[in-house]
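Peer 1: Numbering-wise (numbering that gives the first Met the number 0), the sequence shown opens with residue 0 and increments by one.
Sharing a structure, written as structure tokens. Questions coming.
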Amino acid sequence: MKAKEITRIALFSAITAILAQLRVDIGPVPITFQVMAVMLAGLLLTPREALLSQLVYVIMGLIGLPVYAGFRSGASILFGPTGGYLMAFPVAAFLIAILQKRSQYSTLLSFLSTLLGLIPIYLSGWLLLSRYVGGLERAFQLGVLPFFWIDMIKALLAVFVSKAIERYKPALLYEIRKN
């Protein structure tokens, strides 16, 4: 692995940790911007880098670094009510990156890629949350429905940010795009 790849992986792990701290508590699952960081990783990195950036983020929190929302960390968070969402971040970033690469970087297809990347996050989060809130229906009401429109806005923001980076800092992405 090249130094530039390691740097991009570390950078997006750090971006996810930073955006996780921007949160609004509205129930058992807080609104954070870490999902937007997952989307950005998928939109801007190779599939491998996107997956690894989010895997590093999840592992950092698991081993005790306070990178999860609210500066929390540990197995109790990863395997607690909101842990299912976190566990799916690597898969979601990987999926978005694969779809992004196939989309020829079209704005509309980039947006659709981010929405499809939400599926593993919602599915995993919903299933684990259901163990803590009394069933699938209740978990869907608490952990999916309130966030869908908010995450659509985050997806739009992620696409616009990624397009701005592509436009103004293409050298950052040159190696990624040529692969």
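For every residue, glycine included, the Cβ atom is placed at its ideal position computed from N, Cα and C.
In this text, all values refer to a predicted model and were calculated from it rather than measured experimentally.
Hey, how far is the Cα of Lys-153 from the Cα of Gln-53?
Peer 2: In a straight line, the C-alpha of Lys-153 is about 17 angstroms away from that of Gln-53.
Peer 1: Should Met-0 be labelled buried (16 or more other beta-carbon atoms within 10 Å of its own) or exposed?
Peer 2: Exposed.
Peer 1: Could you check what DSSP says for Val-23 in three-state terms: helix, strand or coil?
Peer 2: If DSSP states are grouped into helix, strand and coil, Val-23 belongs with the strands.
Peer 1: Can you tell me the Cα-Cα spacing of Ile-95 and Leu-64, whole angstroms?
Peer 2: If you take the alpha carbons of Ile-95 and Leu-64, they lie about 26 angstroms apart.
Peer 1: Starting from the C-beta of Leu-61, find all residues in its chain whose C-beta is less than 8 angstroms away, skip the five residues before and the five after it, and write them out in chain order.
Peer 2: Excluding positions up to five away in sequence, the list reads Ser-72, Gly-73, Ala-74, Leu-77.
Peer 1: Looking only at its chain, what residues have a beta carbon closer than 7 angstroms to the beta carbon of Val-160, apart from the 5 residues adjacent to it on each side?
Peer 2: Same-chain partners within the cutoff: Leu-39.
Peer 1: Is the beta carbon of Thr-106 less than 9 angstroms from the beta carbon of Val-158?
Peer 2: Contact: yes.
Peer 1: Tell me which residue opens and which closes the alpha helix (DSSP H) that Phe-32 is part of.
Peer 2: From DSSP, Phe-32 is part of no alpha helix (DSSP H); its letter is neither H nor E.
Peer 1: Using DSSP with H/G/I as helix, E/B as strand and the rest coil, what is Tyr-104?
Peer 2: Correct three-state label for Tyr-104: coil.
Peer 1: Kindly indicate the opening and closing residues of the alpha helix (DSSP H) around Gly-73.
Peer 2: Run containing Gly-73: none; DSSP gives neither H nor E here.
Peer 1: What are the residues that DSSP puts in a beta bridge with Tyr-67?
Peer 2: DSSP output for Tyr-67 lists Arg-71 as bridge partner(s).
Peer 1: Is the Cβ of Lys-100 closer than 9 angstroms to any Cβ of chain B?
Peer 2: Chain labels in this structure do not include chain B; a single protein chain is all it has.
Peer 1: For Phe-70, tell me which candidate among Leu-156, Pro-29, Glu-165 has the shortest Cα-Cα distance.
Peer 2: When only C-alpha atoms are compared, the closest one is Pro-29.
Peer 1: Figure out for me which residue from Ile-17, Leu-43, Ala-16, Val-37 has the closest Cα to the Cα of Glu-4.
Peer 2: Among Ile-17, Leu-43, Ala-16, Val-37, the Cα nearest to that of Glu-4 belongs to Leu-43.
Peer 1: Any contact between the region 121–134 and the region 6–15? By contact I mean 3 or more CB pairs, one from each, below 8 angstroms.
Peer 2: The region 121–134 is not in contact with the region 6–15.
Peer 1: Excluding five sequence neighbours on each side, which residues of the same chain lie with their C-beta closer than 8 angstroms to the C-beta of Leu-155?
Peer 2: For Leu-155, where only same-chain residues beyond five positions count, the Cβ hits under 8 angstroms are Phe-110.
Peer 1: Counting along the chain, where does the alpha helix (DSSP H) carrying Gly-58 start and finish?
Peer 2: According to the sequence as given, residue 58 is Ile; it is not Gly. Element bounds for Ile-58: 46–61.
Peer 1: Looking at the structure shown, is Val-37 part of a helix, part of a strand, or coil, going by DSSP?
Peer 2: DSSP places Val-37 in helix when its eight states are reduced to three.
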